[in-house]
Structures are given as C-alpha cells and as structure tokens.
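Counting along the sequence shown from 1, when you hit position 18 you're at 10 in the working numbering, and nothing is skipped either side. Note that CB positions come from ideal geometry on N, CA and C, so glycine has one too. Report on the structure given below.
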Amino acid sequence: MYHRILVPLDGSPFAEGIFGYLSQVDQQGDSEIVLVQILEQERYGAYLTPGPLPISGQPISEWKQHAEQYHETVAMGLRKQGYEVRSLIVHGNDVAGEICRLADEERVNLIAMTTHGRAGLPRWLMGSVASRVVSATDKPVFLVHPNAHTRERAVSLRRILVPLDGSRLAELALNVAGALARSREAGLILVRALEPAAVIGANSATSDAAAPVPAEAPVHSIERDAADLYMADVLEVMNNTNTVEQSLIVHGSPAEVILDTAEMNDADLIIMSTHGRSGVSRWVYGSVAEKVLHSAPCPLLLLRAPR
-7 MYHRILVPLD GSPFAEGIFG YLSQVDQQGD SEIVLVQILE QERYGAYLTP GPLPISGQPI
53 SEWKQHAEQY HETVAMGLRK QGYEVRSLIV HGNDVAGEIC RLADEERVNL IAMTTHGRAG
113 LPRWLMGSVA SRVVSATDKP VFLVHPNAHT RERAVSLRRI LVPLDGSRLA ELALNVAGAL
173 ARSREAGLIL VRALEPAAVI GANSATSDAA APVPAEAPVH SIERDAADLY MADVLEVMNN
233 TNTVEQSLIV HGSPAEVILD TAEMNDADLI IMSTHGRSGV SRWVYGSVAE KVLHSAPCPL
293 LLLRAPR
C-alpha cells in the first residue's frame, strides 16, 4: 500500500519506536524507508544529535557526523529486515517544514513518525512538529503515540477503527481501511459520533455534509435519522467486500467517542480523514483530529483530503 515511507528521526529511542509498527501499513516489509533528520543549528541543534548530548556550541559538522553514524546503525537494522533504506540529514530551523519539503521532493506516499521525541524537549510533542506536519502536508501521516507502547500484546492488525462524520471526506478513510482490512484479514469497526445539539448547530453551517435544519426541528432526531441512513449505506457497500465487526452510532463528543471506542474494542489502528486547517469539515483540524492525536491508545493513520 505504501511503498516509500519517510521516517523523521531525532536520535532518540522515542522516535525509533515507529519502526515496530510499520508492519501495520507495510504488509510485505519491502518498502523503501527514507530516514530524515533535521539539525536545527540556531535553536536545538545541539540537542537533536544521537547518543550523549554534545556540548552546546559544538561545530555543526560534528553534529552531522554524529547523525550520520547514528543513521547508519539504524539503517543496518532495517536492511536486515528486508527494507531498502536511504538517509537524509539536512540543516534547518523549521523541522516540520523541512519534513514536508523532503516528503514532496522524495515523492514518498507516507510519513511515519512518533508524536514524542527526546524527553524534555517540546519540539516533538503534540501541538508541535507532529501536529504541524499533519496540518501542512498532503501526504498520509502514520502516527504512534507513547500510549501505544504501554500495550502488553504484540503489534498486530486485527481490528481497524474508522470514525465517520457523515461527509464525503470519510469515504477516503473507508477506502483505505477497506483495502488494508482485505489484505490483512482484519475486522472493521465503524463509529459515528453525534454531537450535542448546541455543537451540531454551531458546526452545521460549515459542514459540506449537513443540510439546513429548521430552527423548530428536533436536531437530535434529524441527526439520528440521517446517521442511521448514512451508516446503512456504508454497511451495504463495505459488507460486500469486508468484515464489519461493529457499526456504532454514539451520542457524545467525537474525540471522546473515538478514543473510548478504540479503547473498549482494543483497536489496533485508527484511520480517519481530516481537511487540515485550511479546509472546512465537521472535524476541523485542531479539534477532533488533534485531540485523538493527543491520546490515541493505538497508532493513528491520518489522511488529508485532496486539495
């Protein structure tokens, strides 16, 4: 499905944690991996090198030498697993921007990264590099939160959770999840969250899926009927080719519904689509997608709508 994958590194075991999960989106294990590290000379360069932290003010050439040695060690391990590996080490102060630029230049079709890097440094925390990459790139982004590392069982792909918002955009996630489920004999869990009336009224004006609702209409009833019809249509299509283990329509905050459903059903992967900051959707980036990013109990595959 994804034959060329860009993996940003910062020299920490946290960032390397992504490799244990690549099998979820790379069934054959023969993809080309493009390792990327950005050396931030002005702000955090001294802290983004592998191994023991160098003394501040160390020449950038020595930072790069440390990084090259580190990348070669990582690449050696990946090649033993059957991956083709390339390595890129560049200087720059906009880490997220450089990651997105290199993803375009290298024509990768997936960016895979953890949401935490070196302990104590905010640059790789949620709301920073990972969030800005998701916001800026057109590429799918595969993200692993530290919560996923606390799970006791081995990495597998038995259940894929697909959150639906009733819009055409959700079809993108359904198509990808369906293809992945077929190739891995995984089950699908579909969930549609119905927000409280006040939130629905606030969002409906910007939703490409929502029809105008009369002021006197019972919003929950209309939304529930529409959700039932939408889910029935989805099931009719998906059950022809996939095993849908569950389809749920739940009242509540979308992010909380998604996270609770993933936890209760022991989901191995969440696949959802988002417009990003520049688009209009029921799930505006910085709201549902980012909240899920913050607390996902399993890996998250975020798909951006075509621009």
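Tell me the rounded alpha-carbon separation between residue 129 and residue 29. As a position in the sequence shown, residue 129 is number 137, starting the count at 1. As a position in the sequence shown, residue 29 is number 37, starting the count at 1. Going from the Cα of residue 129 to the Cα of residue 29 covers about 17 Å.
What are the boundary residues of the beta strand (DSSP E) that residue 296 is part of? The sequence position of residue 296 within the sequence shown is 304, counting from 1. Note, residue 296: beta strand (DSSP E), 292 to 296.
What residues in its chain sit with their C-beta under 7 Å from that of residue 151, if we drop five residues either side in the sequence? Start at 1 with the first residue of the sequence shown, and residue 151 comes out as number 159. Only 178, 179, 181, 237, 257, 258, 259, 260 meet the Cβ criterion.
contact_flag[the region 243 to 252, the region 224 to 235] where n(CB pairs < 8 Å) is 3 or more: no
DSSP state of residue 224, grouped into three classes? Within the sequence shown, residue 224 is the residue found at index 232, counting from 1. It is helical.
Select from 27, -5, 5 the residue whose C-alpha is nearest the C-alpha of residue 15. For this step, residue 15 is matched to residue 23 along the sequence shown. The shortest Cα separation from residue 15 among 27, -5, 5 belongs to -5.
How would you call residue 160, buried or exposed, if buried means at least 16 neighbouring beta carbons within 10 angstroms? Stepping through the sequence shown from its first residue, residue 160 is reached at position 168. That one is exposed.
Same chain, Cβ closer than 7 Å to residue 290, five either side skipped, listed in chain order: For the purposes of this step, residue 290 is identified with residue 298 of the sequence shown, where counting begins at 1. These residues qualify, in order along the chain: 140, 254, 259, 260, 261, 262.
Please report the straight-line C-alpha distance between residue 301 and residue 98, rounded to a whole angstrom. In this structure the chain extends from -7 to 299, so residue 301 is not present and cannot be described.
Closest Cα partner of residue 164 within the set 6, -1, 296, 55: Residue mapping note: residue 164 aligns to position 172 of the sequence shown, counting from 1. The shortest C-alpha separation from residue 164 is found at 296.
Please return the same chain residues whose Cβ sits closer than 6 Å to the Cβ of residue 22, not counting the five positions on each side in sequence. On the sequence shown, position 30 is the one that residue 22 refers to. Excluding sequence neighbours, residue 22 sits near 74.
Closest by CA to residue 224, which one among 90, 241, 283? Taking the first residue of the sequence shown as 1, we reach residue 224 at position 232. The residue with the shortest Cα to Cα distance from residue 224 is 241.
From residue 249 to residue 227, what does the alpha carbon distance come to, in whole angstroms? Position 257 of the sequence shown holds residue 249. Position 235 of the sequence shown holds residue 227. Computed Cα separation, rounded: 20 Å.
Which listed residue (214, 147, 133) has its alpha carbon closest to that of residue 292: Your numbering for residue 292 matches position 300 in the sequence shown. Ranking the options by Cα distance to residue 292, first place goes to 133.
For residue 76, report the span of its beta strand (DSSP E) as first-last. Start at 1 with the first residue of the sequence shown, and residue 76 comes out as number 84. Looking at the DSSP string, the run of the beta strand (DSSP E) that includes residue 76 is 76 to 83.
Element boundaries [alpha helix (DSSP H), containing residue 253]: The residue you call residue 253 lines up with position 261 of the sequence shown. Unbroken alpha helix (DSSP H) run through residue 253: 246 to 256.
Do you know how far the Cα of residue 59 is from the Cα of residue 81? Counting from 1 along the sequence shown, the entry for residue 81 is found at position 89. Counting from 1 along the sequence shown, the entry for residue 59 is found at position 67. Taking the straight line from one Cα to the other gives about 7 Å.
Residue 107 to residue 239, Cα distance in whole Å? Mapped onto the sequence shown, residue 107 falls at position 115. Mapped onto the sequence shown, residue 239 falls at position 247. Distance from the CA atom of residue 107 to the CA atom of residue 239, rounded to whole angstroms, is 29 Å.
What are the boundary residues of the beta strand (DSSP E) that includes residue 155? Start at 1 with the first residue of the sequence shown, and residue 155 comes out as number 163. Note, residue 155: beta strand (DSSP E), 151 to 156.
Answer yes or no: do residue 84 and residue 76 have a C-beta to C-beta separation smaller than 7 Å? By 1-based counting over the sequence shown, the position of residue 84 is 92. By 1-based counting over the sequence shown, the position of residue 76 is 84. Going by C-beta atoms, residue 84 is not nearer than 7 Å to residue 76.
Quick one: Cα of residue 72 to Cα of residue 282, how far? Residue numbering aside, residue 72 sits at position 80 when the sequence shown is read from its first letter. Residue numbering aside, residue 282 sits at position 290 when the sequence shown is read from its first letter. Their backbone Cα atoms lie some 35 Å apart in a straight line.
With distance defined between alpha-carbon atoms, name the residue in 214, 168, 166, 175 nearest to residue 188. Taking the sequence shown and counting its residues from 1, the one referred to as residue 188 is at position 196. Out of 214, 168, 166, 175, 214 has the C-alpha closest to the C-alpha of residue 188.
Less than 7 Å between C-beta atoms, sequence neighbours within five positions excluded: which residues of the same chain meet that for residue 86? For the purposes of this step, residue 86 is identified with residue 94 of the sequence shown, where counting begins at 1. Taken in chain order, the list of residues that qualify is empty.
Pull up the distance between the alpha-carbon of residue 220 and that of residue 147, whole angstroms please. Working through the sequence shown from its first residue, we reach residue 220 at position 228. Working through the sequence shown from its first residue, we reach residue 147 at position 155. So the two alpha carbons sit approximately 33 Å from each other.
What does the alpha-carbon distance come out to for the pair residue 121 and residue 149? The sequence position of residue 121 within the sequence shown is 129, counting from 1. The sequence position of residue 149 within the sequence shown is 157, counting from 1. Between residue 121 and residue 149, the alpha-carbon positions lie close to 27 Å from each other.
Within 10 Å of its beta-carbon, does residue 68 have 16 or more other beta-carbons around it, so buried, or fewer, so exposed? Within the sequence shown, the letter at position 76 stands for residue 68. Around the beta carbon of residue 68, fewer than 16 other beta carbons lie within 10 angstroms, which makes this residue exposed.
Would you say residue 1 and residue 7 are within 7 Å of each other, going by their C-beta atoms? Here the question's residue 1 lines up with position 9 in the sequence shown. Here the question's residue 7 lines up with position 15 in the sequence shown. Cβ atoms of residue 1 and residue 7: closer than 7 Å.
Does DSSP put residue 311 in a helix, a strand or coil? What is shown of the chain runs -7 to 299, which leaves residue 311 out entirely.
Would you call the CB atoms of residue -7 and residue 155 closer than 7 Å? As a working note, residue -7 is residue 1 in the sequence shown. As a working note, residue 155 is residue 163 in the sequence shown. In this structure, the beta-carbon distance from residue -7 to residue 155 does not fall below 7 Å.
Cα separation between residue 53 and residue 100? Walking along the sequence shown from the start, residue 53 turns up at place 61. Walking along the sequence shown from the start, residue 100 turns up at place 108. Cα to Cα, residue 53 sits roughly 28 Å from residue 100.
On the criterion of 16 or more Cβ atoms from any shown chain inside 10 Å, does residue 266 qualify as buried, or is it exposed? Counting from one through the sequence shown, the residue named residue 266 turns up at place 274. Buried is the call here.
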